[in-house]
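Take 1 as the starting number for the sequence shown in full-length UniProt numbering and just add one per residue.
No residue lacks a Cβ here, since even glycine has one placed at the ideal position from N, Cα and C.
Scroll down for the structure; my scribbles are underneath it.
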Amino acid sequence: MPINTQSVTNVQATHPLQSAAGVQNVQSTNKAVEVGQSWKGSLNWQSGATPLEDNSHFRENLTNQAALLQPTAHSCMNCKEAVLLMGLKAYADTPESNRVIRELEDNLNYDIGYNEILDEVVGYDESEPATSFEAGDVVFFFADTHVALGAEDGKVLSLWFGPGSSSNLQEASPEDLFQLTKENPEVYYQAAKGWFNVESGDPEIEFQFLDVKSQLQDALETNGGLSPTQKYEFTAKIDGLLRQAGADPNNAWEFITVAKQPLDVLAK
């Protein structure tokens, strides 16, 4: 099978949408974080980069702001859309949030334009290497392979395929998300390659990356999955490529960048 994060087991949401009164949360002074904390256990991660049929919450609701801002436990979206949605809910009906919704609608069928708007609002282009973050900062892993909203106590609010068996919004540490990436060679390859494309691009290492990709695809097509031994071997190969590119594959913070409070722009 081709390399695709959608092949990672995706557990469908089973919890009803939780209200802030229904869960015990650390209170935050950041409005977007408060929204995210009230949504923990809800939303449903899908890996699509744009709102396709199986990644549908934004596609179905951009023309209905009330529905857009009231997702259910089965509302499908990717991690970056989830971070944006927390900001849109926190700062509903401001001129800037309304502008963003309309521009997303106008670019719904244009992958580049749609993702440029997401990147602008969640602050990817302004993100910088860091070793810490504050509530309301946006945290990017391996370039923008994964995106989460900084919460309290060194945790982030993350919509992904884990940790654990949940594909719902949850709190996790950056180290937990880093480990989740490394435990899934398909995801780890894409993440490492995304980081490499931004940080290095050395043609000799690029060739080796492509060789590992070919080997990984062959193993998946032959066996329909990877054995524990194959997972270990592919992880070791990717680790080696990152070392060649000058990074420490055991240090999560080498692959993390942080944008400072970008969702606040939606308050204007």
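| Item | Value |
| --- | --- |
| Residue closest to Ala143, alpha-carbon to alpha-carbon, out of Ala192, Val156 and Leu43 | Ala192 |
| Residues that DSSP places opposite Thr72 in a beta bridge | According to DSSP, which records beta bridges pairwise, Thr72 is partnered with nothing at all. |
| Own chain, CB closer than 6 Å to Leu180, minus 5 neighbours either side, in chain order | Gly162 and Pro163 |
| Beta-carbon proximity of Gly136 to Val265, cut-off 7 Å | no |
| C-beta contact flag for Leu157 and Leu149 at 7 Å | yes |
| Gly194 versus Leu62, Ile256 and Ala130, residue with shortest Cα-Cα distance | Ile256 |
| Spatial distance of Ile238 from Ala92 (CA atoms) | 43 Å |
| Beta-carbon contacts of Ala66 that lie in its chain and below 7 Å, excluding the five residues immediately before and after | none |
| Beta-carbon gap between Leu108 and Ile117 smaller than 7 Å | no |
| Meets three-Cβ-pair contact criterion under 8 Å: the region 163-179 and the region 243-257 | yes |
| Beta bridge counterpart(s) of Gly150 as assigned by DSSP | Val156 |
| Length of the line joining the Cα atoms of Asn64 and Ala267 | 20 Å |
| Presumed contact (8 Å Cβ cut-off) between Gly177 and His146, rounded CB distance | The question names Gly, but residue 177 is Leu in the sequence shown. So it is a contact: roughly 6 Å between Cβ atoms. |
| Buried versus exposed, by CB contacts within 10 Å (16 or more), Ser165 | exposed |
| Whether Ser75 touches Leu52 by CB criterion (7 Å) | no |
| Neighbourhood of Thr131 by C-beta distance below 7 Å, restricted to the same chain and skipping five residues each side | Trp253 |
| Close Cβ partners of Pro95 (< 7 Å) along its chain, the five nearest in sequence each way excluded | Lys268 |
| Beta-carbon proximity check, Thr50 vs Tyr114, cutoff 7 Å | yes |
| Cross-strand partners of Gln261 (DSSP beta bridge) | For Gln261, which the question treats as bridged, DSSP gives no partner whatsoever. |
| Contained alpha helix (DSSP H) runs [length at least 4] in the region 166-253, N- to C-terminal order | 174-182, 185-199, 203-223 and 228-244 |
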